[in-house]
Amino acid sequence: MTLLNRMYDHICSNVFGIRLKPKVIQMPITNKCNSKCTTCNIWKVTDKCDLSVEQLQVVLQDTYLDKVESIGINGGEPFLHKDFLSIIGNILNLKSLKDIYIISNGVSSNLLLNNLSEAKKLCKKKGVKLNLTISLDGVGGIHDKTRGIPGSFEKTIETINCIKDNINEYCDNFDLGYTISKSNTSDMVWAKELAASWGVDVYFHLAVPNKRIYTFDNEDYSVLQNKKSSFLAREFFYSEFVENSSIKKKFKSFINYYYLKDDKHKRIAVCNYIKRDITINESLDLYLCATASEKIGSLLRSSISDYIKSGDVDRECINIKKNCGSCIHYAFAPTFYGIYLFIKEKYAKANLLIYLIRSRLHLL
């Protein structure tokens, strides 16, 4: 999506409140998981469910989805879905699709690699890029503690090594995702250095209250619950803001830094889940965002278009807005106010440098 398209979408949806057809769908395809993460409670769900291949095929025929460019596949652990490749095959029928993004814990190496290799072949035939993120939430014991499974670090590293040495076989783009909680802020720098030694990018994001993974009413894992963790995360994001050469990474780091710096924890990032993008879960229920949205309705009973016409989607949009100002999920691009703050901080840093140089010259 070009910058002009992004700006057009932002102005239409966030400024004028016009509902646009979704460009992105978040799609958890199973609630089965082989981790017991401290930042997620989906593994505690007793009613295990896989997304139905046949029913998904029907849902994806809705013309309301003809502008979808990206699908985010997650879970649970998505590679535990018994018909993973059939799910990929169905998704690839979306006529505007450009990217599939998969998030995995990387624990079941053989299962992941076998499915991923076949999925890459399917995507290549359709001209769709396959992007993979493996979760790395610390180094050694910290990762194991955060993931709740002894020995998971070694299994995840085994998967990472296989993929990074044969990226073309498995995916088009590969990176790591680090979910920051109060239990792993001490390992952020170590994880960054480890990823750099592999030549793999790692993206850091804060663990947030999330209804889809049943953590909305319990924030014990959050860095906001511990002053030391909050301080370490804030300083880490500031260093990322200063040191990164990529403007995209600078913006993302600044958004998180400002959120932690501000006592009210204000969001200065755009969110497209208010008036555009959607979430479809493993039961084929429709949501807006994964974090605060309640279920709008079942796509087994009515289409997305029907829920929009009935006003159910707009009613849920109003319902979740009360949470938006303090949410830091999907914080990739700044609002116009965020851009202003970003520039202001950049100039403040430059002015400080000029002041220090002048002071040094004066002393000489």
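Taking the numbering used here, the leading residue of the sequence shown gets -18, the next gets one more, and so forth. Backbone N, C-alpha and C fix where the C-beta goes; we use that ideal spot for every residue, glycine too.
Asked                                                                                                                                                                                         : Found
Let me confirm a value: GLU263 is counted as buried when at least 16 other C-beta atoms fall within 10 Å, else exposed. Which label applies?                                                  : buried
How would you call VAL(-4), buried or exposed, if buried means at least 16 neighbouring beta carbons within 10 angstroms?                                                                     : exposed
Output the residue ranges of the beta strand (DSSP E) runs that lie fully inside the segment 156 to 207 and measure 3 residues or longer, sorted by chain position.                           : 182 to 187
Report the rounded CA-to-CA distance for SER162 versus ARG128, giving the unit in angstroms.                                                                                                  : 11 Å
Looking at C-alpha atoms only, which residue of ASP156, ASN207 and GLU150 is the closest neighbour of SER167?                                                                                 : ASN207
Taking 8 Å as the threshold, find out whether the segment -13 to -5 comes into contact with the segment 249 to 260 through three or more Cβ pairs.                                            : yes
Mind checking whether ILE81 and ILE54 have CB atoms under 9 Å apart?                                                                                                                          : yes
Please work out which residues of its chain come closer than 6 Å, Cβ to Cβ, to GLU221, disregarding the five sequence neighbours upstream and downstream, and give them in chain order.       : SER234
In the DSSP output, which residue or residues are listed as bridge partners for LEU111?                                                                                                       : ILE81
Hey, is the segment 66 to 74 in contact with the segment 114 to 126, meaning 3+ C-beta pairs nearer than 8 Å?                                                                                 : no
Suppose only complete runs of 3+ residues qualify. What are the beta strand (DSSP E) ranges in the segment 26 to 64, listed by chain order?                                                   : 51 to 55
Within 8 Å, do at least three Cβ pairs link the segment 97 to 114 to the segment 138 to 158?                                                                                                  : yes
Pick out whichever of TYR45, HIS310 and VAL40 has its Cα sitting closest to the Cα of ARG193.                                                                                                 : HIS310
Between which two residues does the beta strand (DSSP E) containing VAL5 stretch?                                                                                                             : 5 to 9
Measure the alpha-carbon distance for LYS230 versus PHE218 and round it to whole angstroms.                                                                                                   : 10 Å
Assign THR44 to buried or exposed, taking buried as 16 or more other Cβ atoms, counted over all protein chains shown, within 10 Å of its Cβ.                                                  : exposed
Would a C-beta distance cut-off of 9 Å place ASP146 and ILE115 closer than the cut-off?                                                                                                       : no
Cα separation between LEU269 and CYS252?                                                                                                                                                      : 11 Å
Flag this pair as yes or no: are the beta carbons of SER90 and THR160 separated by less than 9 Å?                                                                                             : no
Go ahead and label VAL5 buried or exposed: buried means 16 or more other beta carbons lie within 10 angstroms of its beta carbon, across all protein chains shown.                            : buried
Mapping the DSSP letters down to three states, classify ALA250 as helix, strand or coil.                                                                                                      : strand
Pull up the CB-CB distance for ALA214 and LEU241, whole angstroms please, since I reckon it's below 8 Å.                                                                                      : 6 Å
Identify, in the order they occur along the chain, each residue of the same chain with its Cβ nearer than 7 Å to the Cβ of ASP293, setting aside the five sequence neighbours on each side.   : ILE277 and GLY278
To the nearest angstrom, report how far apart TRP171 and LYS245 are at their CA atoms.                                                                                                        : 29 Å
When you compare the CB of GLY129 with every CB in chain D, is at least one pair closer than 9 Å?                                                                                             : Protein chains in the displayed structure number just one, and chain D is not present.
Would you kindly work out how many angstroms separate the C-alpha atoms of SER164 and SER211, rounded to a whole number?                                                                      : 11 Å
With H, G and I counted as helix, E and B as strand and the rest as coil, what does DSSP make of THR20?                                                                                       : coil
What is the residue span of the beta strand (DSSP E) that ASP293 lies within?                                                                                                                 : Segment 293 to 305 is the alpha helix (DSSP H) holding ASP293; no beta strand (DSSP E) there.
So, is ARG282 buried or exposed, given that buried needs 16 or more other C-beta atoms within 10 angstroms?                                                                                   : exposed
Kindly identify the DSSP beta-bridge partner or partners of ILE261.                                                                                                                           : LEU267
Assign GLY122 to one of three DSSP states: helix, strand, or coil.                                                                                                                            : helix
How is the alpha helix (DSSP H) around ASP287 delimited, first residue to last?                                                                                                               : 285 to 290
Secondary structure at GLY278, three-state DSSP: helix, strand or coil?                                                                                                                       : strand
If you follow the alpha helix (DSSP H) that LEU241 is in, where does it begin and where does it stop?                                                                                         : 228 to 242
Hey, CYS21 and THR196 are a contact pair by Cβ (cut 8 Å); roughly how many whole angstroms apart?                                                                                             : 6 Å
Starting from the C-beta of GLU58, find all residues in its chain whose C-beta is less than 6 Å away, skip the five residues before and the five after it, and write them out in chain order. : CYS14, ASN15 and ASN86
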